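**Q** Residue numbers (UniProt numbering): 1 to 329. Built from N, CA and C at the ideal position, the CB exists for glycine as well. From a predicted model like this one, the values you see are computed outputs, not experimental measurements.
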């Protein structure tokens, strides 16, 4: 609530005569006790004999109290609106009656002050008596018709009861008689139930097998990928080893060449050169006899990336020749 609303509320309660003084600081913190007391006091002003629960110790009791107060004020508001509409209607009727009073007053005064005509009064009474007789005879005729209608209805009810009893007996007889096709129907029903159970079991088995097949396919695919990765690693390691061996062979050959140049014995040079040549040949043979793509289970991309064994050996021989020429220079 704003400060203005709180001020108006306190002033209104003071003007209504609330027994407790409500200050502006009363609602700075939650104060349900004061709220319940104010609501109960307002309800008692509307209806002094009302019986409302005033137990607010627990949350459920507070909710029930607020609900009771709201229902009471809603009913009072509905009643007030109905009374307001009735007051409006009665006021309009009274206003029209007061407008007609100026016209009806002379007629009423003439009737009151004028002498009564005996013949006219007698004629009026006779007319009323005849009218009453006609209404009485009409009512008697209606009573007779009602009696006849009641008798007809009783006859129809008795007939319906007989039909009901007859149909009930026929129904009981049909229930006791067992049809010829009922046994076959029960057999087919049990067979259908068994087939349905078998169908459910097979569907579950098929679903389980399909799931297992998918898992196996995924496992095989992962295994193939792992094998391909391992194969790539092996090939890279082999290439690195071959490059290292090639470099070692080149270094050894350059060392042998220097040794031969410094050594005058021709036989020693021949033996060293023949040993280097045989070692290089064995190295190239090892390179040419390495595993192929099909043996190492490589895919097309890896096979396209790698060169053939012949091209590899040729390129390595050219590299070796260039290294020899550099070492000679």
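State the Cα-Cα distance for the pair residue 214 and residue 233, rounded to the nearest angstrom.
**A** Using only the alpha carbons, I get a separation of about 29 Å.
**Q** For residue 332, count neighbouring C-beta atoms within 10 Å of its own C-beta (all shown protein chains included) and say buried if the count is 16 or more, exposed if not.
**A** Limits of the chain in this structure are 1 at one end and 329 at the other, which puts residue 332 out of reach.
**Q** Quick check on residue 65: buried or exposed, where buried means 16 or more other Cβ atoms within 10 Å of its Cβ?
**A** It is buried - the Cβ of residue 65 has at least 16 other Cβ atoms within 10 Å.
**Q** Can you list, in chain order, the residues of its chain whose CB lies under 6 Å from that of residue 20, leaving out five sequence neighbours each side?
**A** Excluding residues within five positions, none has a Cβ falling inside 6 Å.
**Q** If I measure Cβ to Cβ from residue 11 and keep anything under 8 Å in the same chain, skipping five residues before and after, which residues do I get?
**A** Excluding positions up to five away in sequence, the list is empty.
**Q** With a 10 Å radius around its C-beta and 16 neighbouring C-beta atoms as the bar for buried, classify residue 221 as buried or exposed.
**A** When all chains shown are included, residue 221 counts as exposed.
**Q** Does the separation of the CB atoms of residue 97 and residue 62 fall below 9 Å?
**A** Their beta carbons are not under 9 Å apart, which means residue 97 does not touch residue 62 by this criterion.
**Q** By the three-class DSSP mapping on this structure, what secondary structure does residue 331 have?
**A** The structure shown has nothing for residue 331, since the chain only spans 1 to 329.
**Q** Should residue 7 and residue 24 be called a contact, given that it needs their Cβ atoms to be closer than 9 Å?
**A** Result yes, Cβ atoms of residue 7 and residue 24 sit closer than 9 Å.
**Q** For residue 308, does the three-state DSSP call read helix, strand or coil?
**A** Below a pLDDT of 50, predicted positions are generally treated as unreliable, and residue 308, at 44, falls in that range; no measurement from the model is reported.
**Q** From which residue to which residue does the alpha helix (DSSP H) around residue 158 run?
**A** Note, residue 158: alpha helix (DSSP H), 118-176.
**Q** Find out if the Cβ-Cβ distance for the pair residue 56, residue 32 is shorter than 9 Å.
**A** In contact: residue 56 and residue 32 (Cβ atoms closer than 9 Å).
**Q** For residue 39, count neighbouring Cβ atoms within 10 angstroms of its own Cβ and tell me buried if that reaches 16, exposed if not.
**A** Label assigned to residue 39: buried.
**Q** Taking C-alpha atoms, which residue in 72, 58, 28 and 30 lies nearest to residue 49?
**A** Among 72, 58, 28 and 30, the Cα nearest to that of residue 49 belongs to 72.
**Q** Is the beta carbon of residue 16 closer than 9 Å to that of residue 27?
**A** Their beta carbons are not under 9 Å apart, which means residue 27 does not touch residue 16 by this criterion.
**Q** Residue 41 and residue 18: beta carbons closer than 9 Å?
**A** Yes, they are a contact pair.
**Q** Tell me which same chain residues have a C-beta within less than 7 Å of the C-beta of residue 76, skipping the five on either side of it?
**A** Cβ within range, chain order: 46.
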